[in-house]
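Student: Attaching a single structure in structure tokens format; questions to follow.
Below, the structure is given as structure tokens:
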């Protein structure tokens, strides 16, 4: 791994990765997600659209790969359990505060867009669909998702813990056959697993975009 030697210096280094003994390495793709979990010290690659393993056709994936970084970098195709998400790309994947859970929302496959929510337990290698309260954002892809921390108000006697939410902004999609660009803001409250659309957003709104 390359390190900056002085302020303003940035450099690339090519990482030679060993392939999975039985499954090789991920085939060329785009629109996938990649997150690093310090709990398992691995990067997690999910989904994407690209070339099939035999190199003969285009394919949308729902594979889960782990990449162990470092000098002995190695790929591994994960034998996952549970409710595996349907194949998709242009979704978002957000590492949750515990570091051992990855939340996947939205995406598309063959023209169909999703607004389902899945969580991967990275230690158990188990996917679970998350049944959330409230109304989820309309189906979409090409959106953004960010983990936001809300600190409780300062109070010496308060024992409240910080609250975390996943904020979804923008994207392209819509229910049924309708399609449009969005700039709406939705919050998924992780303590109650509740979706809320933020209706009164102050300030000049950006134009809809994906």
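Numbering (my numbering), first residue to last: 20 to 229.
For each residue, glycine too, the CB sits at the ideal point set by N, CA and C.
Source: prediction; values computed, not measured.
(1) Where DSSP assigns a beta bridge to residue 85, which residues make up the other side?
(2) Just how far apart, CA to CA, sit residue 224 and residue 202?
(3) Which whole-angstrom value is the C-beta distance of residue 239 and residue 59, which I expect to be below 8 Å?
(4) Between the Cα of residue 139 and those of 64, 108 and 77, spot the shortest distance and give me the residue it belongs to.
(5) Leaving aside the five residues before and after residue 170 along the sequence, list all residues of the same chain whose C-beta is less than 7 Å from its C-beta, in chain order.
(6) In its own chain, which residues sit with a C-beta less than 6 Å from the C-beta of residue 128, not counting the 5 before and 5 after it?
(7) Would you mind sorting residue 33 into buried or exposed? The rule is 16 or more other CB atoms within 10 Å of its CB.
(8) With burial defined as no fewer than 16 other Cβ atoms inside 10 Å of the residue's Cβ, what is the status of residue 31: buried or exposed?
(9) Indicate the three-state DSSP secondary structure (helix, strand or coil) for residue 215 in the structure shown.
(10) Run through DSSP, which three-state label would residue 164 get?
(11) Once the 5 residues before and after residue 20 are set aside, which same chain residues still bring their CB inside 6 Å of it?
(12) Under DSSP, the beta strand (DSSP E) around residue 112 begins and ends at which residues?
(13) Give me the residue from 189, 221, 197 and 166 with the minimum Cα distance to residue 183.
(14) Should the region 43-61 be regarded as contacting the region 118-128, the criterion being three or more beta carbon pairs within less than 8 Å?
(15) Residues bridged to residue 205 by DSSP?
(16) Hey, residue 44 and residue 113 are a contact pair by Cβ (cut 8 Å); roughly how many whole angstroms apart?
(17) Please decide whether residue 84 counts as near chain D, where near means a Cβ-Cβ distance under 9 Å.
(18) Could you tell me if residue 291 is buried or exposed, where buried requires 16 or more neighbouring beta carbons within 10 angstroms of its beta carbon?
(19) Identify which residue in 47, 187 and 161 has its Cα closest to the Cα of residue 76.
Tutor: Quick answer:
(1) Position 66 of the chain shown, counted from the start, is the residue given in the question as residue 85. In DSSP, residue 85 forms a bridge with 63 and 95.
(2) As a first step, residue 224 must be located in the chain shown, where it is residue number 205. As a first step, residue 202 must be located in the chain shown, where it is residue number 183. Taking the straight line from one Cα to the other gives about 8 Å.
(3) Only positions 20 to 229 of the chain appear in the structure, and residue 239 is not among them; the question remains open.
(4) Mapped onto the chain shown, residue 139 falls at position 120. With distances taken between Cα atoms, residue 139 lies closest to 64.
(5) Indexing the chain shown from 1 puts residue 170 at position 151. Taken in chain order, the residues that qualify are 181.
(6) Here residue 128 corresponds to residue number 109 of the chain shown, with the count starting at 1. Counting only Cβ-Cβ distances below 6 Å, and skipping sequence neighbours, we find 79, 106 and 107.
(7) Walking along the chain shown from the start, residue 33 turns up at place 14. So residue 33 ends up on the exposed side.
(8) Walking along the chain shown from the start, residue 31 turns up at place 12. That one is exposed.
(9) Residue 215 sits at position 196 when you count from the first residue of the chain shown. If DSSP states are grouped into helix, strand and coil, residue 215 belongs with the strands.
(10) Mapped onto the chain shown, residue 164 falls at position 145. Strand at residue 164.
(11) Taking the first residue of the chain shown as 1, we reach residue 20 at position 1. The pLDDT assigned to residue 20 is 48, lower than 50, so where the model puts this residue is not dependable, and the model offers no usable value.
(12) As a first step, residue 112 must be located in the chain shown, where it is residue number 93. From DSSP, the beta strand (DSSP E) with residue 112 extends over 111-114.
(13) Taking the first residue of the chain shown as position 1, residue 183 is located at position 164. Out of 189, 221, 197 and 166, 166 has the C-alpha closest to the C-alpha of residue 183.
(14) yes
(15) Within the chain shown, numbered from 1, the residue matching residue 205 stands at position 186. DSSP, once it has assigned bridges, lists 187 and 216 as partnering residue 205.
(16) Residue mapping note: residue 44 aligns to position 25 of the chain shown, counting from 1. Residue mapping note: residue 113 aligns to position 94 of the chain shown, counting from 1. Not really, about 25 Å apart at Cβ, beyond 8 Å.
(17) Checking the listed chains, one finds no chain D in this structure; it contains a single protein chain.
(18) With the chain covering 20 to 229 only, the question about residue 291 has no answer from this structure.
(19) Sequence index remark: in the chain shown, residue 76 carries index 57 (1-based). Per the Cα distances, 47.
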